[in-house]
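*Asks:* Input: one structure, supplied below.
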Amino acid sequence: MTNPVWAWLIETGLSPEVAHMAAGIGRRRKPGWNFGERFGQSRTALDDGSSVLIGGEYEDFYDPDFYIYNDVVVARSDGSITLYGYPEEVFQPTDFHTATKVGNGIYIIGCLGYVKDRRPNHTPVYFLDLQSFQISAVETVGEAPSWLFKHTAKLEPDTHAISVEGGRVMQESTNDLIPNDGVWKLCLRTFEWTKQKS
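Count along the sequence shown from 1, add 904, and you get the number used in our numbering.
The following block contains the structure:
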């Protein structure tokens, strides 16, 4: 995407409210685009010195600028910035996820997201291709951790799997968000989830 205002907001790190004031707009009821003060955004360093920043949210529901993003920003070592946007049916608004680099791509696992998008017994997984910057949903099988966020993820090259633990999950019976006390592995060959024995 080549929105010059958004590029300016990335460079300055201004909040939507300050940007509106600077433009003489004042506070608006619809959210203004933000980059500099996002929560739950992931940052992945690449071998060439670039960083890939994914999603994140601005503030919370009480703020008029609250919004959960589904974009990808590539900040290169020469100072240039590229912004990619995706339809929500391709990549849903995503925050408090993990981003694990594997080869020429990044696996994006979990998110808090909007309440309406949360599904018990489902863990969202996406793959970001670092050559084309296309994102695709990964269909998984097995026993998933449920709706998972604020967790940690670790690549295990020997088993070609990503293990996730900690954070919070959605409880199936009540839809409450509770601490995650399990460790799961996602096999990157079969995309099967398995829960590790304690």
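Think of the CB as a built atom: it goes at the ideal place given N, C-alpha and C, for glycine as much as any other residue.
Which first and last residues belong to the alpha helix (DSSP H) in which V922 is found?
*Replies:* Its alpha helix (DSSP H) spans residues 920-926.
*Asks:* Rounded to whole angstroms, what is the Cα-Cα separation between P935 and F970?
*Replies:* The straight-line gap from Cα to Cα measures roughly 6 Å.
*Asks:* State the Cα-Cα distance for the pair G1014 and H1001, rounded to the nearest angstrom.
*Replies:* Rounded to whole angstroms, G1014 to H1001 spans 5 Å at the Cα level.
*Asks:* Is it buried or exposed, G989, if we count other Cβ atoms within 10 angstroms and call 16 or more buried?
*Replies:* G989 comes out exposed.
*Asks:* Starting from L1016, follow the beta strand (DSSP E) in both directions and report where the run begins and ends.
*Replies:* Unbroken run through L1016: none, as it is neither H nor E.
*Asks:* Let me know the secondary structure DSSP gives T1027 once reduced to three states.
*Replies:* It is coil, neither helix nor strand.
*Asks:* Taking its Cβ as the centre, do 16 or more other Cβ atoms sit within 10 Å of H1055, making it buried, or is it exposed?
*Replies:* It counts as buried.
*Asks:* Going by beta-carbon coordinates alone, are Q1075 and I1066 separated by less than 8 Å?
*Replies:* No, these two residues do not count as a Cβ contact at 8 Å.
*Asks:* Suppose the cutoff is 6 Å on Cβ atoms and the five residues either side in sequence are ignored; what does the same chain contact list for Q1088 look like?
*Replies:* The identity of residue 1088 in the sequence shown is Trp, whereas the question assumes Gln. So the qualifying residues of the chain are P1049, V1068, W1097, K1099.
*Asks:* In whole angstroms, what separates the C-alpha of I1039 from that of S919?
*Replies:* Those two C-alpha atoms are separated by around 27 Å.
*Asks:* Is D951 a contact residue of the ligand MN, with contact defined as CB to any heavy atom under 7 Å?
*Replies:* As for the ligand MN, it is missing from this structure, which has no ligand bound.
*Asks:* Consult DSSP for P908 and reduce its assignment to one of helix, strand or coil.
*Replies:* Three-state result, P908: helix.
*Asks:* Using 8 Å for Cβ pairs, my map puts A979 next to S955. What's the rounded Cβ distance?
*Replies:* Between S955 and A979 the Cβ distance is about 5 Å, and since that is below 8 Å, they are a contact.
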